[in-house]
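The sequence shown begins at 1 in UniProt numbering and counts up by one. Heads up: the structure comes next, in structure tokens.
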Amino acid sequence: MARSAPAGDLDEAVHGLIGKNPILGSLPPEERRVLVRRSAVLTLEAREPLFAEGDEGRALYVVLQGFVKLASTTPSGREVILNVAGPGNVFGELAVLNGWARAASAVALSPCRLLSIDGRMLTQALAKTPQAMLAVIRLLSERLSATTAQMTDAVDLPAPARLAKALIHLASLHARADPDGLCIGLRLSQQELGALTGLTRESINKHLAHFRDAGCVRLSGRDITVVDLGALRQYL
């Protein structure tokens with residue numbers, strides 16, 4: 001179960017991270033600081049669930065450290081990964097803003113620290129700031145566009161292109177540079193990569209091996225390092 005502690009006075013680096021978020025960053029600085037001081041910091045272990053699909057949305061979350069998988073389940077029981085949230089990313093805002101149940105589950109992929117912001121306090125702060133409401137509209141539009149693009153890719157793109165696009169996206173958002181290239185530190189299983197791309201585990205295994213043999217990636221357990229980004233883009 002997630003451990004909770006008052007946020008209190010977080011350091012300036014954390015405030016800087018929060019300020020870069022489109023919604024929270026659009027609030028006046030003092031309003032943002034008050035909101036943060038009244039929030040809580042949650043600590044989760046790797047693979048620990050935060051909330052389940054269908055739960056009531058009472059808070060939204062800012063990732064301070066680690067990675068969180070957001071996924072839904074199809075009627076047939078298949079997992080579909082909608083997004084992976086990393087440091088600075090906000091998730092859970094849709095259920096807070098529209099009052100609906102959670103449309104996805106959230107599970108920590110690694111040890112995580114999350115800032116949990118009470119939904120009622122957030123909506124009160126947003127109501128006082130027209131600029132923040134515009135930021136909400138933009139974010140919701142971006143989420144809709146991303147979901148539409150993901151659905152289109154699942155229909156139109158061949159399997160190698162889908163996997164290549166997912167790896168490039170993950171590398172651009174969540175990779176760390178090492179001497180060999182860009183290491184995607186999420187440690188996703190092949191089944192989870194399949195849930196992210198709409199491919200079977202067998203197909204993921206086949207195409208990862210092809211990318212490795214072509215010199216595009218290096219594989220070490222669940223760690224994937226993109227060693228030739230240009231070559232990987234040739235599959236798109």
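Where is the CB? At the ideal position from N, CA and C, for every residue including glycine.
- Contact between A95 and A103 is confirmed by a C-beta separation of about 7 Å, below the 8 Å threshold.
- Residue environment for R162: buried (at least 16 other C-beta atoms within 10 angstroms of its C-beta).
- Per DSSP, K165 is one residue of the alpha helix (DSSP H) stretching across A159 to H174.
- Nearest Cα to P29 within the set G230, R37 and G19: G19.
- Taking C-beta atoms under 8 Å as the contact rule, V226 and L232 qualify, at a distance of about 6 Å.
- DSSP places N83 inside the beta strand (DSSP E), whose first and last residues are E79 to A85.
- In terms of CA proximity to D228, A214 leads the group L157, A214 and G221.
- The alpha-carbon separation between K165 and A135 amounts to approximately 27 Å.
- Nearest Cα to R113 within the set D223, V14, G230 and Q234: V14.
- A distance of 8 Å or more separates the beta carbons of L64 and P49.
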